[in-house]
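K.L.:
Before I ask anything, let me first share the structure, which is written out below as structure tokens.
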Ligand code: AMP
């Protein structure tokens, strides 16, 4: 039984040492080069005396980052990919919640990080040409012997409603369980050439990374700017002979909206997987019409259950207006849909989607309170301890035994594929000291974050946006502002968000 994700890379190096593992357009690494670089770096991490500890990886996405992840796993610690486009204050918040002692970065980011991090900084450039010697190999070996499959492999920070991002901790078991299912369900082998879209601080990237490590696929890291220019993106897919993608629907929708596939087709594409937000059938139908021979799959899952827990491989026709199912539970994942009074929902009855199984995260790092709120005893099992994760997503079973996604029960949104808590934005707004009170609403029609506020004076939008970017990444900054004399209140005296949402809908 596999217990450690490093076994993937070790096995693949045996099979395909000289095959390209990762290509980030500027440079590429073979499997054996990744292994060599990772093991040399692991030696430096072990020297710091850490075990089962978080090591943040702070650099722009590329081949080096992939080698860092492998290195941290070899060292018996867990990696934490950092969004370097976040403002310093947010990154510092993450370091504080991790109580980080060691981070890995490159020369391009070193000075920036030194200004607010005073622990040990390891530079990736320092290991580029080092050959790991016998003593390092021995250290790694003894570390690896002690890893068990419930040890953490990575932590991904997601937006937190109280203002601070929360670090979801995922185990080796979770990744192995998920990858066993994914590799066999989609028959992935070394012939797969994958175009990576998901940022590494977003857990969809786990599938891309471990199909590369585990199935010997080649991972092409597509620079972000390509997704803003779909015509360039399709040229690149053809140039690199991409046959597999796992993208957020936003990207597929964008290509459809430009009506690009009628002019240019991604000729090698065979499997098109998507997850992260609702995929409208209107846009999916456009893809299906233009690329009828491809396999399409709608995957669903929050970071807290290791990427995905349900899957629907598209097998029938849908009209543009119909919702697409998120499908059936992945192998070894248990799905419960619970009503308000914690009963199992009947067919067509909406309730909260909850998940049980080996894929559940270990919890939120250094945050027992939030962990206890979301990871709770299965109310349908009173006989022994069994945790479920309450996703906050509302769903129902249809007559075919498929899960249908309905929406959220809280203030979490998906905007351009990013998972965001409106509460985190509201906290940042107050942090700017530009307004007295604020309420942030997502306009689902215009796909915009909009803000209602009370203040003595009209907001200076330019200055406000600049101040906001000291607290949150650009994609979280509201783009429309409405000044109110008074907020509408609901019966219990809270701001009536529904009424505000009605004002901006349409
Ligand atoms: P994340 O933790 O960033 O993966 O976001 C998880 C959330 O994204 C889920 O709780 C859902 O609200 C939403 N989501 C993920 N996949 C889908 C999907 N296929 N359809 C609809 N919503 C989805």
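Residue numbers (the working numbering): 1402 to 1907.
Every residue gets a Cβ at the ideal spot worked out from N, C-alpha and C, and that includes glycine.
Give me the Cα-Cα distance between residue 1772 and residue 1641, rounded to the nearest whole angstrom.
P.N.:
Position 371 of the chain shown holds residue 1772. Position 240 of the chain shown holds residue 1641. Distance between the alpha carbons of residue 1772 and residue 1641: 42 Å.
K.L.:
Which whole-angstrom value is the C-beta distance of residue 1696 and residue 1672, which I expect to be below 8 Å?
P.N.:
Locating residue 1696 in the chain shown gives position 295, where the first residue counts as 1. Locating residue 1672 in the chain shown gives position 271, where the first residue counts as 1. About 5 Å; that satisfies the 8 Å criterion.
K.L.:
By Cβ distance below 8 Å, which residues in the same chain neighbour residue 1437 in space, the five residues on each side in sequence not counted?
P.N.:
Looking up residue 1437 in the chain shown gives position 36. Excluding residues within five positions, the ones whose Cβ falls inside 8 Å are 1532 and 1533.
K.L.:
Are there any heavy atoms of ligand 1 lying less than 8 Å away from the beta-carbon of residue 1830, as far as the coordinates show?
P.N.:
What you label residue 1830 is simply residue 429 of the chain shown in a count that begins at 1. For ligand 1, not one heavy atom lies less than 8 Å from the Cβ of residue 1830.
K.L.:
Is residue 1605 close to ligand 1? I mean its beta-carbon at under 8 Å from any heavy atom of the ligand.
P.N.:
For the purposes of this step, residue 1605 is identified with residue 204 of the chain shown, where counting begins at 1. Under cutoff, so the answer is yes.
K.L.:
From which residue to which residue does the beta strand (DSSP E) around residue 1463 run?
P.N.:
In the chain shown, counting from the first residue as 1, residue 1463 sits at position 62. Element bounds for residue 1463: n/a, residue is neither H nor E.
K.L.:
Using a threshold of 9 Å, state whether the C-beta atoms of residue 1423 and residue 1464 are closer than that.
P.N.:
By one-based count along the chain shown, residue 1423 stands at place 22. By one-based count along the chain shown, residue 1464 stands at place 63. The answer is yes: Cβ separation under 9 Å.
K.L.:
Can you tell me whether DSSP reads residue 1740 as helix, strand or coil?
P.N.:
The sequence position of residue 1740 within the chain shown is 339, counting from 1. DSSP places residue 1740 in coil when its eight states are reduced to three.
K.L.:
Apart from the five residues just before and just after residue 1880, which ones in its own chain have a Cβ nearer than 8 Å to its Cβ?
P.N.:
To locate residue 1880, count along the chain shown from 1; it is residue 479. Result list for residue 1880: 1849, 1850 and 1851, in chain order.
K.L.:
Can you check the segment 1581 to 1655 for any beta strand (DSSP E) of at least 3 residues that lies completely inside it and give the ranges in chain order?
P.N.:
Counting only runs of 3 or more, we get 1594 to 1597, 1619 to 1622 and 1645 to 1648.
K.L.:
According to the Cβ coordinates, are residue 1455 and residue 1602 closer than 9 Å?
P.N.:
The sequence position of residue 1455 within the chain shown is 54, counting from 1. The sequence position of residue 1602 within the chain shown is 201, counting from 1. Residue 1455 is not a Cβ neighbour of residue 1602, given a cutoff of 9 Å.
K.L.:
Looking at the unbroken beta strand (DSSP E) that takes in residue 1542, where does it start and where does it end?
P.N.:
Within the chain shown, numbered from 1, the residue matching residue 1542 stands at position 141. Careful: residue 1542 lies outside any beta strand (DSSP E), inside the alpha helix (DSSP H) at 1535 to 1547.
K.L.:
Distance, Cα to Cα, residue 1405 vs residue 1453?
P.N.:
The sequence position of residue 1405 within the chain shown is 4, counting from 1. The sequence position of residue 1453 within the chain shown is 52, counting from 1. Cα to Cα, residue 1405 sits roughly 13 Å from residue 1453.
K.L.:
Just to confirm before moving on: does the CB-CB distance between residue 1418 and residue 1494 stay below 9 Å?
P.N.:
Within the chain shown, the letter at position 17 stands for residue 1418. Within the chain shown, the letter at position 93 stands for residue 1494. In this structure, residue 1494 does not lie closer than 9 Å to residue 1418 by Cβ.
K.L.:
Identify every residue that forms a DSSP beta bridge with residue 1798.
P.N.:
Position 397 of the chain shown, counting from 1, holds the residue named residue 1798. According to DSSP, residue 1798 bridges with 1804.
K.L.:
Please work out which residues of its chain come closer than 7 Å, Cβ to Cβ, to residue 1572, disregarding the five sequence neighbours upstream and downstream, and give them in chain order.
P.N.:
By 1-based counting over the chain shown, the position of residue 1572 is 171. The residues are 1550, 1551, 1552, 1553, 1554 and 1763.
K.L.:
For residue 1443, name the three-state secondary structure that DSSP assigns.
P.N.:
By 1-based counting over the chain shown, the position of residue 1443 is 42. Residue state, collapsed to three classes: helix.
K.L.:
Evaluate residue 1660 with the Cβ neighbour count: other Cβ atoms within 10 Å of its Cβ, from every protein chain shown; 16 or more gives buried, anything less gives exposed.
P.N.:
Position 259 of the chain shown, counting from 1, holds the residue named residue 1660. Exposed: under 16 other Cβ atoms inside 10 Å.
K.L.:
By the DSSP assignment, the alpha helix (DSSP H) with residue 1454 in it spans what residues?
P.N.:
The sequence position of residue 1454 within the chain shown is 53, counting from 1. That residue, residue 1454, is in no alpha helix (DSSP H); it is neither H nor E in DSSP.
K.L.:
Give me, in chain order, the residues of the same chain whose beta-carbon lies closer than 8 Å to that of residue 1813; leave out the 5 immediate sequence neighbours on both sides.
P.N.:
Residue numbering aside, residue 1813 sits at position 412 when the chain shown is read from its first letter. Around residue 1813: 1560, 1562, 1793, 1820, 1821, 1822 and 1823.
K.L.:
What did DSSP end up calling residue 1408 once you bin it into helix, strand or coil?
P.N.:
Against the chain shown, residue 1408 aligns to sequence position 7. Residue 1408 carries a helical assignment under DSSP once its states are collapsed to helix, strand and coil.
K.L.:
Just checking residue 1679 against ligand 1 - is the residue's beta carbon closer than 8 Å to any of the ligand's heavy atoms?
P.N.:
Working through the chain shown from its first residue, we reach residue 1679 at position 278. Yes; taking the cut-off as 8 Å, the Cβ of residue 1679 has a heavy atom of ligand 1 nearer than that.
K.L.:
Over what stretch of residues does the alpha helix (DSSP H) that includes residue 1827 continue unbroken?
P.N.:
Along the chain shown, one-based indexing puts residue 1827 at 426. Where residue 1827 is concerned, the enclosing alpha helix (DSSP H) stretches over 1823 to 1832.
K.L.:
Alpha helix (DSSP H) containing residue 1787: first to last residue?
P.N.:
By one-based count along the chain shown, residue 1787 stands at place 386. Premise fails: residue 1787 is in no alpha helix (DSSP H) and is neither H nor E.
K.L.:
Taking the C-alpha atoms as reference points, what is the distance between residue 1608 and residue 1583?
P.N.:
Position 207 of the chain shown holds residue 1608. Position 182 of the chain shown holds residue 1583. C-alpha of residue 1608 to C-alpha of residue 1583: approximately 8 Å in a straight line.
K.L.:
Anyone know if the C-beta pair for residue 1753 and residue 1738 falls short of 9 Å?
P.N.:
As a first step, residue 1753 must be located in the chain shown, where it is residue number 352. As a first step, residue 1738 must be located in the chain shown, where it is residue number 337. Yes; because the gap between Cβ atoms is below 9 Å, this pair is in contact.
K.L.:
Would you kindly work out how many angstroms separate the C-alpha atoms of residue 1810 and residue 1741, rounded to a whole number?
P.N.:
Counting from one through the chain shown, the residue named residue 1810 turns up at place 409. Counting from one through the chain shown, the residue named residue 1741 turns up at place 340. In a straight line, the C-alpha of residue 1810 is about 11 Å away from that of residue 1741.
K.L.:
What is the DSSP secondary structure of residue 1813, reduced to helix, strand or coil?
P.N.:
Within the chain shown, residue 1813 is the residue found at index 412, counting from 1. Three-state DSSP puts residue 1813 in a strand.
K.L.:
Mark residue 1509 as exposed unless 16 or more other C-beta atoms lie within 10 angstroms of its C-beta, in which case mark it buried.
P.N.:
Start at 1 with the first residue of the chain shown, and residue 1509 comes out as number 108. Exposed, since its Cβ has fewer than 16 Cβ neighbours within 10 Å.
K.L.:
Any heavy atom of ligand 1 inside 8 Å of the beta-carbon of residue 1924?
P.N.:
With the chain running from 1402 to 1907 in the structure shown, residue 1924 is simply not present.
K.L.:
So, for residue 1580: in the same chain, excluding its five sequence neighbours on each side, which residues have a beta-carbon less than 7 Å away from its beta-carbon?
P.N.:
Reading the chain shown from its first residue, position 179 is the one you call residue 1580. For residue 1580, where only same-chain residues beyond five positions count, the Cβ hits under 7 Å are 1611 and 1615.
K.L.:
Helix, strand or coil for residue 1710 per DSSP?
P.N.:
Here residue 1710 refers to the residue found at position 309 when the chain shown is read from its first residue. Here DSSP, grouped into helix, strand and coil, assigns residue 1710 to coil.
K.L.:
If contacts are defined as beta-carbon pairs under 8 Å, then residue 1833 and residue 1865 qualify, I think. What distance do you get, rounded to the angstrom?
P.N.:
In the chain shown, the residue the question calls residue 1833 occupies position 432. In the chain shown, the residue the question calls residue 1865 occupies position 464. Rounded to whole angstroms, the Cβ separation of residue 1833 and residue 1865 is 6 Å, and the two are in contact under 8 Å.
K.L.:
Do residue 1758 and residue 1734 have their beta-carbon atoms positioned less than 9 Å apart in this structure?
P.N.:
Along the chain shown, one-based indexing puts residue 1734 at 333. Along the chain shown, one-based indexing puts residue 1758 at 357. Yes, these two residues count as a Cβ contact at 9 Å.
K.L.:
Please tell me whether, using a cut-off of 8 Å, the distance from the CB of residue 1594 to the nearest non-hydrogen atom of ligand 1 is below it.
P.N.:
Here residue 1594 is taken as the residue at index 193 of the chain shown, counted from 1. No, ligand 1 has no heavy atom inside 8 Å of this Cβ.
K.L.:
Sorry if obvious, but does the Cβ on residue 1362 come closer than 8 Å to a heavy atom of ligand 1?
P.N.:
Because the chain spans 1402 through 1907 in this model, residue 1362 falls outside it and cannot be assessed.
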